[in-house]
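A.B. asks: Protein chains in written order, with this note's numbering: chain A, 9 to 687; chain B, -14 to 291.
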Amino acid sequence: MLGRLTIEAIPLYSWVAMGGAAVTVGGGIAVFLLITYLRAWKVLWTDWLTSLDHKKIGIMYVVLALVMLVRGFIDALMMRAQQAIALNNEGYLPPEHFEQIFSSHGTIMIFFVAMPFLTGLINIIVPQQIGARDVAFPFLNSVSLFLTAAGAGLVLISLAIGKFSTAGWTGYPPYSGIDYNPGVGVDYWLWALIVSGVGSTASGINFIVTIVKNRCPGMTYMRMPMFTWTTLCISILIAFAFPALTVVAAQLALDRTLGFHFFTNGDGGNMMLFANLLWIWGHPEVYILILPAFGIFSEVVATFSRKRLFGYKSLVYATACIAILSFTVWLHHFFTMGSSANVNAVFGIATMIIAVPTGVKIFDWMFTMYRGRIEFHPSMVFTIGFMVTFVIGGVTGVLLALPPADYLMHNSTFLVAHFHNMLIPGALFGYFAGLNYWFPKAFGFKLDAKWGIRSFWFWIIGFYLAFMPLYVLGFMGMSRRMEHYADPNWQPYLIVAALGAVCVLLGIVCIAIQLYVSAKNWGSARDLTGDPWNGRTLEWATASPAAPYNFAIVPTVRDIDAFHDMKLGGTAYQPAAAYEDIVMPKSSGLGPVLGALSFALGFAMVWYIWWLAALAFVLALVCVGIRACDDESEFIIPAAEVARIEGAHLGQITSADMHDMRDFQPVGPASGAPLPGRA
Amino acid sequence: MNIPQFFRLTVKRIWIAGVLGMCLLLPGCGLSDAPVLHPKGPIALAERDLLFTAFWIMMIVAIPAIVLTLFFVWRYRSGSKKAAYAPEWDSSWKVETVVWLVPAAIIVVLGTLVWQSTHKLDPYREIASDKPAFKVQAIALDWKWLFLYPELGVASVNELSFPADRPLSIEITSDTVMNSLMIPALGGQIYAMAGMRSELNLLADDPGVFMGRNTMYSGDGFPDQHFKAHAMSEADFTAWKAKVSGEGTSLDAETYLELHKQSIANPVAYYSSFETDLFKLILRKYAPIVGPYESEAAELICRGAA
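This is how it looks when you write it as structure tokens:
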């Protein structure tokens, strides 16, 4: 009846595991009680969970990412603490716990922090940046969210019921095969990946179609804001790369569950096939995480330098180059498998070529600041911190792209330091910049800048303290994933790294305080105009938070900096002569239901509860059928209601709220017409 | 105490602890014997030098990028009264040409370096020497390394000995999950994969003892899966040979099956002889062909049990 699920799955055997389970379950109960206490269940269900509004879906993605960031960071802190003390002793974590922790840390940070964070920001902003009222497939958007949440749920519940994988976030077979890892851990990892991977693929497709089909009049490809461009590129990457991950995970699941031999040691299996397929997804994935952050930096650096973005075309071509090249370099993750010198050299050179467009981007942002008037808003400060720190990561990346150097540094803490050096400044700082930058657009009030700056300093100092020692340890011959070690020379560096992790913890605490303080003082930090930073792109043309339909009248765009152009031309904040009825998607409870069913399916497959798996799968198909037969999935916001909402928004804007645009007025003979150099 | 106050105090304390920690712990700590920075063989030295060369070449771009970023941030801060302001300036052919071509030129240089060095330092490439290479077969087990010496007919566990004046040529496979064999002071690593044979060629400058290990996480015993590599003078190596042939037991198929069982921090062990073609049999164990087996030993090893 319950497959291999027995009472022994409850982690009563160790205090660490029990503690983790207690915190997870306790957190869940606390949230449940809080919602009940606030009597918010109905609001939560009708206004949020069932909503197909891309802005609300985006907010839910970001909330998921922030919650999982805390979980993933606790893992990091525990690892740093273990390695700081485990010189010639077992530390406080037995090997099995340590292994689960480094596996879940990587899995969570990539799949359930970075992916939902960037998908959330894209959801909130991209439709508004392209002058659209919604994404192309609003219901699919909701399904994507809840599939991602279901995957996250599987990782979380593995703490309380059973164990998580011990095979690392990359789960290389044959170690992750059934012969060497008979428990449920790897299955949890696999099904979390499969379920959330389907969601990611769907949202990639959704945004390709949204950007290609839903742009407003006048927004040609070469007038799209950089964030939209990076979103288009990564959506294409997602659509091509994630299927590889889903397939490779399904193959490993077949190996494990039905005794197939794709990746086993014997019987014709080949573990390097897994490595190839995993990294054919995995390398584009790195750019899927980083390119949207590049888009955010591009927006932020132009806005807070009070200047047009330098080298827009260059940035577009560089983004596209990176996206294409990202599919040509996967083998550099395993130069050491013993392929021929020709193969290794080709992949090494391909990897280095990516450094060129990436370097160009850094210089273009730098020249955006040149002759600007830089304001140190938290999002700008994160951007500056990124530019400086990312260069170091780029240098170490090119070092690792030299195959002979990689033979020395592969599998070492140098490698760990390198990819954290790319992903923390390159991706996470970008998301934090986006959080500070676009928060008013989502909630209608600004985040507290002081606490934002503080969080930045803790993050960046913590980053350097935590990862520079790991570079050094790589030179000293320390391998990654060591539960204990015997070389006393390593310990001082590991203690410094642990202090760095504590510093990052304070950075996270600062973000929490920032959110708390800002919410408390929201009344005094309201954004009435919808344009708190004197922004340049179209998302600032909507109210903060935007009306359900974003734009009452679909705008017409003449410039890359569309809204900046409207403010200069005096066409911003103008009521329309007449409003029209607007068709919007109705809410649907099927998204969360499909998420719950996928969770049940994954859980059942992990524990071999076949009837439940079959039931969940059939019910999911039924849900899809119901939705497909539903011809009344839309409703109409009448023109009068639109006029009322717009009137209320425009009515509260006084000329004192509007930004002074005198500095930007074109001078000389060109005034009145678009300046040369505009697309 | 309200939250910000408490926070500020905590921050102060952490800061002081961090700075003190850095001052006390970091200076030169152990770096003088970091194996990658102070290699003990020509291969590792060439790989390290390549690392350094590439690093300095990249500084041509990296240092201006960092310095200019910080300079522009300071120079064009909004409070600055002196700095020029050009809100519409958004493209320049000169700047674009430089920022595309200079990194591209550096990548051409580095790419040439990659092509040449990858061929020169191919781990499979035999090292030129007036003496013949000393051949060793390495087998990754849970969680130890087994070394077979076909030339001597002996075997050792968790200890690798070889004459310092001859190149070392290692054939590698695994009789468990993926491993990766590395002796950092002598050179880079190569994976050990079941059913597959890989190669690693190394050379030591002088006699010495070097740390070697599996760098690829492989389970609970992974942290302790290291060994000492002894590059020995001729006299020492002869003595070692005599010691191993004299005191060890024989590594026949059954003893191998015992050894194959999982063990953590396995002590060093010597065997005066080993099963004929043991390395090939371990490779054959995972080949997609099954019996008939040519010998009882083959069947024992390939089927994992009698």
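Positions of the beta carbon are idealized from the N, C-alpha and C atoms, including for glycine.
#1: At least one CB of chain B closer than 9 Å to the CB of A/PHE483: is that the case?
#2: Classify A/GLY673 as helix, strand or coil using the three-state DSSP reduction.
#3: So with CB distances below 9 Å, who are the chain A contacts of B/LYS270?
#4: Along chain B, which residues have their Cβ under 9 Å away from the Cβ of A/ALA353?
#5: Chain B partners of A/ASN444, CB-CB under 9 Å?
#6: Measure from the C-beta of B/ALA125 to each C-beta in chain A and report whether the shortest distance is under 9 Å.
#7: Mind listing, in chain order, the continuous alpha helix (DSSP H) runs of no fewer than 4 residues lying wholly within the segment 167 to 250 of chain B?
#8: Between A/LEU245 and A/SER334, is the Cβ-Cβ spacing less than 9 Å?
#9: Are the C-beta atoms of A/VAL364 and some chain B residue less than 9 Å apart?
#10: Identify each residue in the segment 187 to 213 of chain B for which the Cβ-Cβ distance to at least one residue of chain A is less than 9 Å, and report them in chain order.
#11: Please classify A/VAL154 as buried or exposed, where buried requires at least 16 other C-beta atoms within 10 Å of its C-beta.
#12: Just grab the DSSP bridge partners of B/GLN122 for me.
#13: Of all the CB atoms in chain B, is at least one closer than 9 Å to the CB of A/PRO407?
#14: Rounding to the nearest angstrom, what Cα-Cα distance links B/LEU55 and A/VAL396 in this structure?
#15: Using 8 Å as the threshold, is the segment 586 to 600 of chain A in touch with the segment 186 to 201 of chain A, meaning 3 or more CB pairs across them?
#16: Can you tell me where the alpha helix (DSSP H) with A/TYR196 in it begins and where it stops?
#17: Closer than 8 Å by C-beta to A/GLN660: which residues in its own chain qualify, once you throw out the five before and the five after it? Chain order, please.
#18: Identify the continuous alpha helix (DSSP H) that holds A/PRO496 and give its terminal residues.
#19: Apart from the five residues just before and just after A/CYS329, which ones in its own chain have a Cβ nearer than 7 Å to its Cβ?
#20: Output the distance between the C-alpha atoms of A/ALA604 and A/LEU576, rounded to the nearest integer angstrom.
#21: A/ALA608 CB to nearest chain B CB: under 9 Å?
#22: Leaving out the 5 sequence neighbours to the left and right, which residues in its chain are closer than 6 Å to B/PRO211 when beta-carbon positions are compared?
#23: Beta carbon of B/VAL46, beta carbon of B/VAL87: below 9 Å?
#24: Measuring only the C-alpha atoms, how far is A/VAL78 from A/ILE370?
#25: Would you mind telling me which residues of chain A sit closer than 8 Å to B/VAL46, beta carbon to beta carbon, in chain order?
#26: How far does the alpha helix (DSSP H) with B/LEU145 in it reach, from first residue to last?
#27: Any C-beta of chain B within less than 8 Å: which residues of the segment 401 to 435 of chain A qualify?
#28: Report yes if the C-beta distance between A/THR550 and A/GLN108 is below 9 Å; otherwise report no.
#29: Quick check for students: name the residue ranges of the beta strand (DSSP E) that lie wholly in the segment 86 to 118 of chain A, counting only runs of 3 or more.
#30: From the beta carbon of A/THR174, is the nearest beta carbon of chain B less than 9 Å away?
#31: Express the C-alpha separation of B/GLY289 and B/ILE274 in angstroms, rounding to a whole number.
#32: Going by DSSP in three states, A/TYR587 sits in which element: helix, strand or coil?
#33: Work out the CA separation of B/GLU284 and B/THR161 for me, nearest whole Å.
#34: Which residues of chain A have a Cβ atom closer than 7 Å to the Cβ of B/GLU32, listed in chain order?
#35: Would you say B/GLY26 lies against chain D (beta-carbon separation less than 9 Å)?
#36: So, at 7 Å on beta carbons, what are the nonlocal neighbours of A/PRO682 in its own chain, with the 5 sequence-adjacent residues on each side left out?
C.D. replies: According to the data block:
#1: Here residue 483 of chain A refers to the residue found at position 475 of the first sequence. A Cβ of chain B is located within less than 9 Å of the beta carbon of A/PHE483.
#2: Against the first sequence, residue 673 of chain A aligns to sequence position 665. Residue 673 of chain A is actually Gln in this sequence, not Gly. A/GLN673 falls in the coil class under three-state DSSP.
#3: One-based indexing of the second sequence puts residue 270 of chain B at position 285. In chain order: ASN273 and GLY274.
#4: Within the first sequence, the letter at position 345 stands for residue 353 of chain A. Chain-ordered, the chain B residues with CB closer than 9 Å to the CB of A/ALA353 read GLY96, VAL99, TRP100, GLN101, SER102, THR103 and HIS104.
#5: Mapped onto the first sequence, residue 444 of chain A falls at position 436. Within chain B, no C-beta atom comes nearer than 9 Å to that of A/ASN444; the closest sits roughly 17 Å away.
#6: If you number the second sequence from 1, residue 125 of chain B lands on position 140. Nearest CB-CB separation between B/ALA125 and chain A: not below the 9 Å threshold.
#7: Fully enclosed alpha helix (DSSP H) runs of 4 or longer: 219 to 232 and 238 to 245.
#8: As a position in the first sequence, residue 245 of chain A is number 237, starting the count at 1. As a position in the first sequence, residue 334 of chain A is number 326, starting the count at 1. Cβ atoms of A/LEU245 and A/SER334: closer than 9 Å.
#9: What you label residue 364 of chain A is simply residue 356 of the first sequence in a count that begins at 1. Under the 9 Å criterion on CB atoms, A/VAL364 is classed as interfacial with respect to chain B.
#10: For the segment 187 to 213 of chain B, the set of positions with a beta-carbon nearer than 9 Å to some beta-carbon of chain A reads MET196, ARG198, ASN199, THR200, MET201, TYR202, SER203, GLY204, ASP205, GLY206, PHE207, PRO208, ASP209 and HIS211 in chain order.
#11: Locating residue 154 of chain A in the first sequence gives position 146, where the first residue counts as 1. Inspection of the sequence shows that residue 154 of chain A is occupied by Phe rather than by Val. Counting Cβ neighbours within 10 Å, A/PHE154 comes out buried, since at least 16 surround it.
#12: Along the second sequence, read from residue 1 onward, the residue named residue 122 of chain B stands at position 137. B/GLN122 is bridged by DSSP to B/LEU133 and B/GLU156.
#13: For the purposes of this step, residue 407 of chain A is taken as the residue at position 399 of the first sequence. Just to set this straight, residue 407 of chain A is Leu in the shown sequence, not Pro. At least one chain B Cβ lies under 9 Å of A/LEU407.
#14: The sequence position of residue 55 of chain B within the second sequence is 70, counting from 1. The sequence position of residue 396 of chain A within the first sequence is 388, counting from 1. As the crow flies, the alpha-carbon of B/LEU55 is around 8 Å from that of A/VAL396.
#15: Not touching, per the Cβ criterion.
#16: In the first sequence, residue 196 of chain A corresponds to position 188, counting from 1. Counting along the chain, the alpha helix (DSSP H) containing A/TYR196 begins and ends at 193 to 221.
#17: Along the first sequence, read from residue 1 onward, the residue named residue 660 of chain A stands at position 652. The answer, listed in chain order, is LEU536.
#18: For the purposes of this step, residue 496 of chain A is identified with residue 488 of the first sequence, where counting begins at 1. It is not in any alpha helix (DSSP H) - A/PRO496 carries neither H nor E in the DSSP assignment.
#19: In the first sequence, the residue the question calls residue 329 of chain A occupies position 321. The residues are PRO365.
#20: Mapped onto the first sequence, residue 604 of chain A falls at position 596. Mapped onto the first sequence, residue 576 of chain A falls at position 568. Computed Cα separation, rounded: 49 Å.
#21: Looking up residue 608 of chain A in the first sequence gives position 600. It does not: the Cβ of A/ALA608 has no partner Cβ on chain B nearer than 9 Å.
#22: Here the question's residue 211 of chain B lines up with position 226 in the second sequence. It is worth fixing the name first, because residue 211 of chain B is His in this sequence and not Pro. Closer than 6 Å at Cβ, skipping near neighbours: ARG198.
#23: The residue labelled residue 46 of chain B in the question sits at position 61 within the second sequence. The residue labelled residue 87 of chain B in the question sits at position 102 within the second sequence. Their beta carbons are under 9 Å apart, which means B/VAL46 touches B/VAL87 by this criterion.
#24: Taking the first residue of the first sequence as 1, we reach residue 78 of chain A at position 70. Taking the first residue of the first sequence as 1, we reach residue 370 of chain A at position 362. When rounded, the distance between both Cα atoms is 30 Å.
#25: The count along the second sequence starts at 1 and reaches residue 46 of chain B at position 61. What B/VAL46 touches in chain A: GLY367.
#26: Taking the first residue of the second sequence as position 1, residue 145 of chain B is located at position 160. For B/LEU145, no alpha helix (DSSP H) segment is defined; the enclosing uninterrupted segment is the beta strand (DSSP E) at 144 to 148.
#27: If the cut-off is 8 Å between Cβ atoms, the segment 401 to 435 of chain A has GLY402, VAL403, VAL406, LEU407, ALA409, LEU410, PRO411, PRO412, ALA413, ASP414, TYR415, LEU416, MET417, HIS418, ASN419 and SER420 near chain B.
#28: For the purposes of this step, residue 550 of chain A is identified with residue 542 of the first sequence, where counting begins at 1. For the purposes of this step, residue 108 of chain A is identified with residue 100 of the first sequence, where counting begins at 1. No, the Cβ-Cβ distance between A/THR550 and A/GLN108 is not below 9 Å.
#29: Segments of the beta strand (DSSP E) lying fully in the segment 86 to 118 of chain A: there are none.
#30: Taking the first residue of the first sequence as 1, we reach residue 174 of chain A at position 166. So, interface residue.
#31: Translated into positions along the second sequence, residue 274 of chain B becomes position 289. Translated into positions along the second sequence, residue 289 of chain B becomes position 304. Spanning the two alpha carbons is a distance of roughly 15 Å.
#32: The residue labelled residue 587 of chain A in the question sits at position 579 within the first sequence. A/TYR587 falls in the coil class under three-state DSSP.
#33: For this step, residue 161 of chain B is matched to residue 176 along the second sequence. For this step, residue 284 of chain B is matched to residue 299 along the second sequence. One C-alpha to the other measures close to 18 Å.
#34: Reading the second sequence from its first residue, position 47 is the one you call residue 32 of chain B. Within 7 Å Cβ-Cβ: PRO412, ALA413, TYR415 and LEU416.
#35: The displayed structure is made up of protein chains A and B, and chain D is not among them.
#36: For this step, residue 682 of chain A is matched to residue 674 along the first sequence. With a pLDDT of 42 at A/PRO682, under the threshold of 50, the modelled position of this residue cannot be trusted; read the value that follows with caution. Leaving aside the five residues that flank A/PRO682 on each side, the residues in its chain whose CB is nearer than 7 Å to its CB run, in chain order, ARG566 and ASP567.
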